[in-house]
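Asks:
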Ligand code: PGA
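Numbering (our numbering), first residue to last: 217 to 468.
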């Protein structure tokens, strides 16, 4: 059975004090929430990862990174390597978020390198992808998704997919308050799973968790998560409030 996952992407939010406070509140909120078969991930900004890792000890929460560089080390000012993440106890990294693609020029080719670097350093990858509004309007969304997966992931062996979580995030739904409908999410998730089945096999397709991201809130999470191919969510804005994030965790 594939795992249900709720991941909070904190983006460029929260100072050190705020990070500690939010984790404390979250630990309190999720006490007593049944988490069997579920994972709860939070992604603070780089500078607060290590204190966050310390803070979540003895809880069910996992601290993950929002990004990493593909090179092992070297002259890449301002960047962070896979080694640096594993060294402080981070085991999972988000790769390919649309904000990285849009504002920092991360192409499919770069993302393929990042995925390789992460996996070869034993990091699990939350791989994000999604179409823009103009793609959907023009009816090209399935084609765009297929190309994103092919270009960044389909060079991998089937076995690598046990260390990959997919996060479908239509760009037009991120931070806009406009979600894909539960049916639109299900339609795309089923398509993604069928692509993996075609390229690899049924077992790989069936085992992979596919998260939906884009304006998931306490009031719409349950409906989106009720769909058979939606295995959880990648949550931005609503992950910054312990009560809202917990309500979303409860909805899975
Ligand atoms: P949002 O962000 O929930 O604020 O739309 C989702 C994301 O970017 O992962």
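C-beta: ideal position from N, C-alpha, C; glycine also.
State yes or no: is the beta carbon of residue 355 nearer than 8 Å to at least one beta carbon in chain C?
Replies: The structure shown has no chain C; it contains just one protein chain.
Asks: Leaving out five residues on either side along the sequence, give the residues of the same chain with a beta carbon under 6 Å from the beta carbon of residue 242.
Replies: 458
Asks: Would you check if the distance between the CB atom of residue 406 and the CB atom of residue 447 is smaller than 8 Å?
Replies: no
Asks: Enumerate in chain order the residues of its own chain whose CB-to-CB distance from residue 224 is below 6 Å, with the five nearest sequence positions on each side excluded.
Replies: Cβ neighbours of residue 224 beyond the five flanking positions: 258, 451, 455 and 461.
Asks: Count the other CB atoms within 10 Å of the CB of residue 319; is the residue buried (16 or more) or exposed (fewer)?
Replies: exposed
Asks: Taking DSSP as the reference, what is the three-state secondary structure of residue 345?
Replies: The three-state secondary structure of residue 345, taken from DSSP, is strand.
Asks: Starting from residue 383, trace the alpha helix (DSSP H) in both directions and tell me its first and last residue.
Replies: From DSSP, residue 383 is part of no alpha helix (DSSP H) but of the beta strand (DSSP E) over 380-384.
Asks: Kindly examine ligand 1 and report whether one of its heavy atoms sits closer than 7 Å to the Cβ of residue 436.
Replies: Residue 436: no, Cβ never under 7 Å from ligand 1.
Asks: Quick check: the Cα distance between residue 437 and residue 468, rounded to an integer number of angstroms?
Replies: Straight-line spacing of the CA atoms in residue 437 and residue 468 works out to 8 Å.
Asks: Beta-carbon separation of residue 274 and residue 236 under 8 Å?
Replies: no
Asks: So what's residue 218 in DSSP terms, helix, strand or just coil?
Replies: coil
Asks: Out of 217, 334 and 247, which has the shortest C-alpha to C-alpha gap to residue 276?
Replies: 247
Asks: Report, in whole angstroms, the separation of the C-beta atoms of residue 283 and residue 310, which I expect to be a contact under 8 Å.
Replies: 6 Å
Asks: Taking the CB atoms as reference points, tell me whether residue 409 and residue 426 lie closer together than 8 Å.
Replies: yes
Asks: Are the CB atoms of residue 398 and residue 439 within a distance shorter than 8 Å?
Replies: In this structure, residue 398 lies closer than 8 Å to residue 439 by Cβ.
Asks: Measure from the alpha carbon of residue 415 to the alpha carbon of each residue in 357, 326, 369 and 278, then state which is nearest.
Replies: 369
Asks: Which term fits residue 330, buried or exposed, when burial requires 16 or more other beta carbons within 10 angstroms of its beta carbon?
Replies: Around the beta carbon of residue 330, 16 or more other beta carbons lie within 10 angstroms, which makes this residue buried.
Asks: From 453, 367, 301 and 422, pick the residue whose C-alpha is nearest to that of residue 328; which is it?
Replies: By alpha-carbon distance to residue 328, the top candidate from 453, 367, 301 and 422 is 367.
Asks: Mind reading off the beta-carbon distance from residue 465 to residue 249? Whole number of angstroms is fine, and I expect it under 8 Å.
Replies: Their Cβ separation, rounded to whole angstroms, is 6 Å, which keeps residue 465 and residue 249 in contact under 8 Å.
Asks: Would you say the beta carbon of residue 431 comes nearer than 7 Å to a heavy atom of ligand 1?
Replies: Residue 431 Cβ: within cutoff of ligand 1.
Asks: What first and last residue would you give for the alpha helix (DSSP H) that runs through residue 326?
Replies: 324-336
Asks: Answer yes or no: the CB of residue 426 versus the heavy atoms of ligand 3, is any distance below 7 Å?
Replies: Looking at this structure, you won't find ligand 3 anywhere; what it does contain is ligand 1.
Asks: What do you reckon, is the C-beta of residue 450 under 7 Å from a heavy atom of ligand 1?
Replies: yes
Asks: Where do the N-terminal and C-terminal ends of the alpha helix (DSSP H) with residue 363 fall, by residue?
Replies: 357-369
Asks: Just the Cα atoms here: how many angstroms apart are residue 313 and residue 333?
Replies: 16 Å
Asks: For residue 385 versus residue 430, is the C-beta distance shorter than 8 Å?
Replies: yes
Asks: What are the start and end residues of the alpha helix (DSSP H) that includes residue 254?
Replies: That residue, residue 254, is in no alpha helix (DSSP H); its beta strand (DSSP E) goes 254-259.
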